[in-house]
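Protein chains in written order, with my numbering: chain A, 2 to 115; chain B, 18 to 129.
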């Protein structure tokens, strides 16, 4: 068990470009969550999956954001037409049988839009 | 709507002193409650969690928290602060076992 893995660790992109992040959860965890964290703030919920089904999506998530978990294993988060306001740390977490068992977080992907 | 309030965005203590980080929540149902710690440029590490068993929960690194339903609080304590405890601490609630809702965080500084 290598924990939750996120790639890349850092991404610098120009405004208007598309970016994609990957998250590999703990293999036996059926739930996967994406969060966004800006400097000095707590993580904000974006979306989560149970297996391959996307069960909830935050109203904060604009149409430029999309997430997938095609085979119920790894997940990708894509941001289209990036804006400077998208600059943040994107965190992935996984859990087994719901939050009552605790979440395990990855180290995050830091996105900088210039 | 469920929410979490952490009182004090920054707390400073001396090494060896008591650490008290405050967290109040609002939830319409009995919640799951968590404390996480975050070191610079890292993800979040679970310190402890309350899942409706014992109201006094012991976690890692000597931390503990007490669930008080009447006060809707889940304050984090440690009897004696260590320099390595300096970090950002987040309280979080999961009302129904799904997503986590986080507080704004409390930065803990430990003075020698």
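In this text, a Cβ means the ideal position worked out from N, Cα and C, and glycines have one as well.
Near residue 52 of chain A, which residues of its chain fall below 7 Å by C-beta distance, leaving aside the five closest residues on each side in sequence?
-> Locating residue 52 of chain A in the first chain gives position 51, counting from the first residue. Contacts found: 31 and 73.
Short check: CB of residue 74 of chain B to CB of residue 65 of chain B, under 7 Å?
-> In the second chain, residue 74 of chain B corresponds to position 57, counting from 1. In the second chain, residue 65 of chain B corresponds to position 48, counting from 1. In contact: residue 74 of chain B and residue 65 of chain B (Cβ atoms closer than 7 Å).
Starting from the beta carbon of residue 119 of chain B, find every residue of chain E whose beta carbon is closer than 7 Å, and list them in chain order.
-> Included in the structure are the protein chains A and B, with no chain E among them.
Count the other C-beta atoms from every protein chain shown that fall within 10 angstroms of the C-beta of residue 13 of chain A, then say buried if there are 16 or more, exposed otherwise.
-> By 1-based counting over the first chain, the position of residue 13 of chain A is 12. With fewer than 16 other Cβ atoms from the protein chains shown falling within 10 Å of its own Cβ, residue 13 of chain A counts as exposed.
Which residues of chain A have a Cβ atom closer than 8 Å to the Cβ of residue 107 of chain B, listed in chain order?
-> Residue 107 of chain B sits at position 90 when you count from the first residue of the second chain. Residues of chain A passing the Cβ test: 43 and 44.
I think residue 98 of chain B touches residue 33 of chain B, with their Cβ atoms under 8 Å apart; what is that distance to the nearest whole Å?
-> Residue numbering aside, residue 98 of chain B sits at position 81 when the second chain is read from its first letter. Residue numbering aside, residue 33 of chain B sits at position 16 when the second chain is read from its first letter. 6 Å between Cβ atoms; contact.
Alpha carbon of residue 88 of chain B to alpha carbon of residue 43 of chain B, nearest angstrom = Reading the second chain from its first residue, position 71 is the one you call residue 88 of chain B. Reading the second chain from its first residue, position 26 is the one you call residue 43 of chain B. Whole-angstrom Cα-Cα distance: 10 Å.
Under a CB-based cut-off of 7 Å, is residue 103 of chain A close to chain B?
-> For the purposes of this step, residue 103 of chain A is taken as the residue at position 102 of the first chain. Cβ-Cβ to chain B under 7 Å: yes for residue 103 of chain A.
Out of curiosity, what's the CA-to-CA distance linking residue 125 of chain B and residue 57 of chain B?
-> Start at 1 with the first residue of the second chain, and residue 125 of chain B comes out as number 108. Start at 1 with the first residue of the second chain, and residue 57 of chain B comes out as number 40. Residue 125 of chain B and residue 57 of chain B: Cα-Cα distance of roughly 12 Å.
Kindly indicate which residue of A:79, A:63, A:62 and A:85 has the alpha-carbon position closest to the one of residue 69 of chain A.
-> Here the question's residue 69 of chain A lines up with position 68 in the first chain. The residue with the shortest Cα to Cα distance from residue 69 of chain A is A:79.
Coarse secondary structure for residue 66 of chain B, derived from DSSP in three states | On the second chain, position 49 is the one that residue 66 of chain B refers to. The answer is strand: DSSP assigns residue 66 of chain B an E or B state.
Nearest CA to the CA of residue 84 of chain A: which residue from A:63, A:28, A:26 and A:76?
-> Along the first chain, read from residue 1 onward, the residue named residue 84 of chain A stands at position 83. Minimum Cα-Cα distance from residue 84 of chain A among the listed residues A:63, A:28, A:26 and A:76 corresponds to A:63.
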